[in-house]
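Inspection log for the structure reproduced underneath, given as structure tokens.
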Amino acid sequence: MNFQTFEKEQWESLVDLLAKILKVPAVSIFQYEAPFVEILVTSRTAENPLRAGTRIRADQLYCDEVIQARGEVLLPDSRQDPRWKDSPLVEMGLIAYLGLPLLFPDGTVFGTIAILDNRENHFLPENRDLLFQIKCFIESQLKLTFRKDQVVQRNLDLELIQENLIGISQELKAKNRDLEDFANFVSHDLKEPLRKIKFFGSKARNADSGELREQMLDSLTGAADRMERLIDSFLELSQVGTRPGHFRKTDLNMVLEEVVESLIADGDSSNIRIDKGLLPSVEVDPSQMHQLFLNLLSNAVKFKDESRPCHIRISSVDLPNDRCEIQVQDNGRGFEMKYARKVFEPLMRLNNSSVKRGAGLGLAIAKKVVEFHKGSIRAESVPNQGASFFISLPLSQQD
């Protein structure tokens with residue numbers, strides 16, 4: 008519980024005044040935090056041996072009896088009670104005691120308020136009543152502070168709920184975008200090979216010669232293969248970020264080397280030059296990084312300028328705040344900068360220097376992989392001069 012400075016000052020004034028009126032060495036307020044009590048405030052009288060801030064085991068003090076009884080305790084002379092013979096209060100000469108519990112609104116014990124005297128004292132009824140009135144005043148302040156703390160906590164809870172709702176809202180928006188992408192995928196990209204399958208199937212059925220029928224069947228197989236590739240790519244896109252990442256410290260040079268070897272093995276590499284700079288070791292999911300590099304390099308090869316050899320450069324630079332930036336540059340066809348964000352949208356495909364709807368999922372997958380790693384990706388390009396992709400990644404996935 009947080010106490011304002013003025014509340015403690017009020018309590019100090021109260022105990023000082025009460026000690027002066029009753030002519031006793033000590034009036035104190037104790038805060039209970041099992042198994043200890045702390046002297047929160049105590050009268051500033053010359054004869055008072057107690058000091059604010061002192062922590063003592065509760066079972067060594069008279070207030071332990073108050074806490075257990077939840078009611079008034081009166082000890083005219085504690086020396087007559089063997090339970091208190093070893094109490095530090097007896098050693099200090101504070102032998103007479105009148106104490107009352109201080110309770111929170113929910114009934115739990117905050118502590119005690121007590122009058123202590125260095126001589127036998129049976130405490131007059133009016134003195135006991137005065138202490139009770141002060142107890143009620145302090146408990147009213149405790150109630151206010153308790154309510155304030157509740158309001159503060161509820162506000163914090165509401166802020167947390169609001170943050171969670173914002174997160175859920177953003178997640179729903181992302182899922183809606185995925186649904187829209189899927190609807191577009193089904194309505195456009197899947198229908199196109201389906202139309203071809205139906206068309207070539209009809210042609211094959213009505214073909215006059217075996218050679219023509221064979222050609223139609225080859226076209227059917229090609230359309231089916233294209234549909235399979237589309238479905239695989241879209242499934243890959245939908246799965247990024249939906250399963251836990253297997254993050255570990257990974258040498259990106261080794262990942263890139265595997266991708267380059269795979270790329271060269273899958274096609275004609277005679278007209279492709281790949282320059283690899285030194286890349287850092289980063290905490291990533293290696294399989295997803297493999298997919299990221301594969302998609303970026305495949306994209307560079309796919310949209311190379313046929314009038315010149317394909318040249319791809321991969322490098323990295325260190326960034327502040329324990330981040331790095333991977334740069335993938337090519338000398339391909341490029342595109343206009345107004346399409347720099349659109350190239351990462353699902354089902355968008357470069358056509359010369361513009362962007363049109365198509366089967367383009369590679370860069371969309373790359374973007375999802377980077378974002379899953381708490382990173383960002385951006386593109387820069389000049390038509391007919393190539394494109395550059397900049398991937399910013401944290402060196403560690405730890406928050």
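For the sequence shown, this note's numbering assigns the number 8 to the initial residue and increments by one for each residue that follows. In this text, a Cβ means the ideal position worked out from N, Cα and C, and glycines have one as well.
Just measuring C-alpha positions, the residue of Ile168, Arg320, Ser294 sitting nearest Gly284 is Arg320.
Our two residues, Ile384 and Ser176, have alpha carbons roughly 23 angstroms apart in a direct line. In the structure shown, Ile102 falls within a coil segment according to DSSP collapsed to helix, strand and coil.
Sequence-distant partners of Glu146 (beyond 5 residues in either direction) whose C-beta falls short of 7 angstroms from its own C-beta, in its chain, are Leu109, Leu110. Linking Ala76 to Gly106 through their CA atoms gives a straight-line distance of about 11 angstroms.
Short of 6 angstroms from the beta carbon of Leu286, and not among the five residues preceding or following it, lie these beta carbons of its own chain, in chain order: Leu259, Asn260, Ser323. Per the C-alpha coordinates, the member of Gly78, Lys27, Leu96, Asp93 positioned closest to Gly114 is Gly78. Within the model, the alpha-carbon separation for Leu82 versus Leu68 is close to 12 angstroms. Counting along the chain, Asp282 sits inside the beta strand (DSSP E) bounded by residues 279–283. Pairing Leu25 with Leu138 gives a Cβ-Cβ distance under 9 angstroms. For the options Ala103, Val289, Pro390, Val31, the alpha carbon positioned closest to that of Glu54 is the one of Val31. Nearest to Ala33 by alpha-carbon distance, out of Ala41, Arg126, Pro316, Arg90, is Arg126.
Collapsing the DSSP output to three states places Ser288 in a strand. Short of 6 angstroms from the beta carbon of Ile279, and not among the five residues preceding or following it, lie these beta carbons of its own chain, in chain order: Cys317. Separation of the CB atoms of Gln334 and Phe379 is rounded to 20 angstroms, and the pair is thereby denied contact status at 8 angstroms. In the three-state scheme derived from DSSP, where H, G and I count as helix and E and B as strand, Thr52 is classed as coil. DSSP places Pro112 outside both helix and strand once states are collapsed to three, so it counts as coil.
Taking the CA atoms as reference points, Lys381 sits about 20 angstroms from Lys349.
One alpha carbon belongs to Asp337, the other to Ala307, and they sit about 6 angstroms apart. Under DSSP, the beta-bridge partners assigned to Arg62 are Glu45. One Cα belongs to Glu387, the other to Leu301, and the distance between them is close to 19 angstroms.
The C-beta of Asn128 has 16 or more other C-beta atoms within 10 Å across all chains shown, which makes the residue buried. In the displayed model, Gln38 falls within a strand according to three-state DSSP. Asp282 places its beta carbon 9 angstroms or farther from that of Phe254.
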